[in-house]
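Here's the structure we're looking at; comments come further down.
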Amino acid sequence: MAVSRIEKLTLLADIQYKSSILKSVQSMQSVEIIDWKEKDVNQEVLTKYFHQQNHQADELLIKEIEHDGKCEEKLKKIQDAIAFIEQNSLASKSGHLGMPQRKDYDLFELEAQVKEKGLEEKLEYLNQLSLEFGRVQKQKKNFLSIEEDLTHWRKLDINLGESGNLSYVKNIAGTIDLGNVQSLDEQLAGLTLIYREEIYQSQTQRYEYFLCLKEDFPHLKSILDQAGFTEYHPQYKLCPKEEYSKREEKHKNLQEEEKKLLTQIANAREDLTFLRLAEEDYLAAFNRQKIDRLICHVNQFFLLQGWVVAEHKEELLNYLVQKVPKEDIYLEWEKPIDKEYAKVPIHLKNSGWVKPFEMLTEMYSLPRYDEIDPTPWMTPFYLVFFGMMVADVGYGILLLLGTLLAQKFFSLNPGAKRFADFFSLVSIPTIIWGLIYGSFFGVELPFRLLSMSADVNQILILSVLFGLIQILVGLAINAIEQIKKKRYLESISHGFAWQGILLGAVIAILAKILWKNEVVFLIAVAVAIISAILIVIIPMIQSKSKMKGLAKGMYQLYGISSYVGDLVSYTRLMALGISGGSIASAFNLLVGFMPPVIRFSLGILLIIVLHGINLFLSLLSAYVHGARLQYVEFFGKFYQGGGRAFRPFKAEEKYVNVRKI
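To convert, note that position 442 of the sequence shown is 448 in the working numbering; the numbers rise steadily by one, no gaps.
Next up, the structure:
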């Protein structure tokens, strides 16, 4: 339960084995590749033995991955095909698309499976299907835009712009705002040789058709323009009625064609699992293509350097010799020296129930390579604090069942699974503290150790006590770490002395108020005073200037005020627990006041919604404030952080889990 030991790997092999080696290293997921052009790589050796650089990453890798076409282009085709099926398959709307469970594959069998199932043919078929579907959709869109316009004019059975065989008349059609209709009627009242027909009327406009003698048309046009008449210019040759009927028939044909294509797309969803495997395979190949740029090539050899988790050394070697003859590969291991510590990536190693809490450490900052991993020390405190802030049996059971069902019925990626594991673990102390407080969805249980209404002072004292214990543990860790580095005086001034002050002060208060023991009181005060003196004196011993040392020591001692603030911060454990329980009780009381008929109908729905909101807010508050107590009050006593995360060369694992060979 610590920061994993890391070593630097140097690998030299014939270029013909590069594809197998990269796949093996990628499957192992325990090597972070170092760019051979980085400054910390031994450039003198590279210049001496690898001076003839012939780095042709793209061309070499495209041949080695044994896939047709270019990797990136093929990957895009696969992703486009998957997106096309997901967006247009009828099954996607009912939630039946996708891989029900994440399966395990190694990269070699994944590539073989994709290769043998005719990927190219499937992609070509789906591409043609996509083009056809796109064509139909585009035609439908155009038809709909024209049909929307035609709908208003479909009753008109005269071809606009033509007046039959009559050569003395002229027609015009268009729209006018309803507010201007009365004014237009008045102006047209004196014109008798005009045919006027209302075709359609919407909420704001009237669609009208006019026919008049050619010599009267300029006068009619002038009146219409003054009334705000907008002339209609059709984009078709037939009369609106005939055009509408014709397009309606074409639209039906397009709908039938679209229906057939949708059936084909729905049938294509059977290939979705295979396409996702293909995408996983090509994502892995694309990652190898990018990593290939970090490798040094010369003639028929290649040189690879990387950081490796030390405990995986033998396993990695066994991986490699399965694909490459042992005598054809050279491996060298180096332990990082002190000046390299800043560049060494950090890999945390924790047991199963502590591992999900690594994400809290990662959110803050990973430890440096020579620093302690705070995760196992933080975890038990976080569990207790989270449970104390939510503290409801019903909420804990819901959280536990929700996370267990999510892991059972959903295909979770590693990140989501870790999150589910985290909330599954914190549900246990939530249930335990719910039993202690006697709360079940805000209803008081007949048995409880502490009452959130009657025992507020006891809960407050318990919260501060938990805070004191955590601070003392943090100071102890600091002191031990200083001793490991042979900084014995710092272990006293930054650890043991502060423990003496805090314990002395607490015991003195208890001896004076509760125990009424003067001897214990005097001893505790003496311990606190001696500890304070040590905090002031030690900087004077370490400093050449005694006055500067005294000033530094006095300033450090002034930090006692921050410890008071830290202890006060832990009162939020009491405040959030009581507030969440009180809100839940208030919701129950609110629904309880309703008449029986409403209470057992609308009231049931209301209580579910209200408790759902309270559960969400309680979990969010416990998550955020629990993390804050660790980051500020606990980590600040012994932990600095600043490490860089270990980024192993691995597959994406977007849809499957990559199994080690």
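Beta carbons: idealized from backbone N, C-alpha and C, even for Gly.
Inset, instruction - May I ask which residues mark the beginning and end of the beta strand (DSSP E) holding A19? - result: If you look at A19, you'll find it in the beta strand (DSSP E) that goes 12 to 20.
Inset, instruction - Mind checking which residues open and close the alpha helix (DSSP H) that includes C245? - result: If you look at C245, you'll find it isn't in any alpha helix (DSSP H); DSSP assigns it neither H nor E.
Legend entry - From W383, L563, M553, residue whose alpha carbon lies closest to that of A482: Nearest option by C-alpha distance: W383.
Inset, instruction - Please confirm whether F446 and G400 have their CB atoms less than 8 Å apart. - result: At the C-beta level, F446 and G400 come within 8 Å of one another.
Legend entry - Within 8 Å, strictly: CB atoms of L455 and I465: Contact flag unset, no.
Inset, instruction - Taking 8 Å as the threshold, find out whether the region 22 to 41 comes into contact with the region 311 to 331 through three or more Cβ pairs. - result: The count of Cβ pairs closer than 8 Å, one atom from the region 22 to 41 and one from the region 311 to 331, reaches three, so the stretches are in contact.
Legend entry - Simplified DSSP assignment, three categories, for I68: With a pLDDT of only 44 at I68, under the threshold of 50, the placement of this residue in the model should not be trusted, and no figure is reported.
Inset, instruction - Measure how close the beta-carbons of Y388 and Q636 come, nearest whole angstrom, since I'm counting them as under 8 Å. - result: At roughly 6 Å, the Cβ-Cβ gap stays under 8 Å, so Y388 and Q636 are in contact.
Legend entry - Backbone secondary structure at A482 - three-state DSSP: Of the three classes helix, strand and coil, the one that applies to A482 here is helix, per DSSP.
Inset, instruction - Name the residue from S627, Y561, L474 whose alpha carbon lies nearest to the alpha carbon of V570. - result: Closest option to V570, Cα to Cα, is L474.
Inset, instruction - For S10, I'd like the list of residues in its chain whose CB is within less than 6 Å of its CB, leaving aside the five on either flank, ordered along the chain. - result: The residues are V315, H353, K355.
Inset, instruction - Report the option in S624, I378, L540, L520 whose CA atom is closest to the CA atom of Q505. - result: Nearest of S624, I378, L540, L520 to Q505, Cα basis: L540.
Inset, instruction - Keeping to the same chain, check which residues put their C-beta closer than 7 Å to that of C245; ignore five residues upstream and five downstream. - result: So the list reads L162, D163, I164, N165, once near-sequence residues are dropped.
Inset, instruction - Measure the C-alpha to C-alpha separation of S591 and V462 and round it to an integer number of angstroms. - result: In a straight line, the C-alpha of S591 is about 16 Å away from that of V462.
Inset, instruction - Could you please give the first and the last residue of the uninterrupted beta strand (DSSP E) stretch that includes W179? - result: Trp is not the amino acid found at residue 179; the sequence shown has Ala there. First-last of the beta strand (DSSP E) with A179: 175 to 183.
Inset, instruction - Could you pull the start and end residues of the beta strand (DSSP E) that V314 belongs to? - result: Counting along the chain, the unbroken beta strand (DSSP E) around V314 starts and ends at 307 to 315.
Legend entry - Close Cβ partners of I547 (< 8 Å) along its chain, the five nearest in sequence each way excluded: Around I547: L495, G555.
Inset, instruction - Could you tell me how far apart the beta carbons of P435 and E38 are, in whole angstroms, since I believe they sit closer than 8 Å? - result: The pair is not a contact, with the Cβ atoms about 36 Å apart (cut-off 8 Å).
Legend entry - Cβ pair Q32, A426 closer than 8 Å: Contact check for Q32 against A426 fails: the beta carbons are separated by 8 Å or more.
Inset, instruction - Compute the Euclidean distance between the alpha carbons of S98 and E92, then round it to the nearest angstrom. - result: With a pLDDT of only 42 at S98, under 50, the local geometry of the prediction cannot be trusted, and the value read off the model is given with reservation. Spanning the two alpha carbons is a distance of roughly 6 Å.
Legend entry - Extent of the continuous beta strand (DSSP E) to which H303 belongs: H303 -> beta strand (DSSP E) spans 302 to 304.
Inset, instruction - Would you decide whether T157 is buried or exposed? Buried here means 16 or more other CB atoms lie within 10 Å of its CB. - result: Using a 10 angstroms sphere on the CB of T157, the tally of other CB atoms stays under 16, which defines it as exposed.
Legend entry - Cα-Cα separation between Q143 and K109, rounded to whole angstroms: Approximately 36 Å between the Cα atoms of the pair.
Legend entry - D277 classed as buried or exposed, judged by whether at least 16 other C-beta atoms fall within 10 angstroms: Buried.
Inset, instruction - Using DSSP bridges, identify the partner residues of P351. - result: Looking at the DSSP output, P351 bridges to R650.
Inset, instruction - Evaluate the contact criterion for the region 284 to 304 versus the region 134 to 141: three or more CB pairs, one atom per stretch, below 8 Å. - result: In short, these stretches do not touch, since the Cβ pair count stays below three.
Legend entry - Any 3 or more C-beta pairs closer than 8 Å across the region 204 to 224 and the region 174 to 181: Judged by Cβ distances under 8 Å, the region 204 to 224 makes contact with the region 174 to 181, as three or more pairs qualify.
Inset, instruction - Mark H617 as exposed unless 16 or more other C-beta atoms lie within 10 angstroms of its C-beta, in which case mark it buried. - result: Result: buried.
Legend entry - From E13, I566, W159, W313, residue whose alpha carbon lies closest to that of P240: Nearest to P240 by C-alpha distance, out of E13, I566, W159, W313, is W159.
Legend entry - Beta-carbon proximity list for G510, same chain, < 6 Å, skipping 5 on both sides: Once the five neighbours on either side are set aside, the close Cβ partners of G510 are A530, V533, A534.
Legend entry - Span separating the alpha-carbon of I614 from that of L372: Each residue's Cα considered, the two are about 40 Å apart.
Legend entry - DSSP-derived helix/strand/coil call for M105: Residue confidence for M105 is low, a pLDDT of 47 falling below 50, so the modelled location carries little weight and cannot support an answer.
Legend entry - Nearest-angstrom beta carbon gap, L132 and A274 [assumed within contact, 8 Å]: About 6 Å separates the two Cβ atoms, so the contact holds.
Inset, instruction - Would you identify the three-state DSSP class for A422, choosing helix, strand or coil? - result: It is helical.
Legend entry - Nearest-angstrom Cα separation, counted from A290 out to L116: Answer to the nearest angstrom: the Cα atoms are 10 Å apart.
Inset, instruction - Go ahead and pull the three-state DSSP assignment for T269. - result: The answer is helix: DSSP assigns T269 an H, G or I state.
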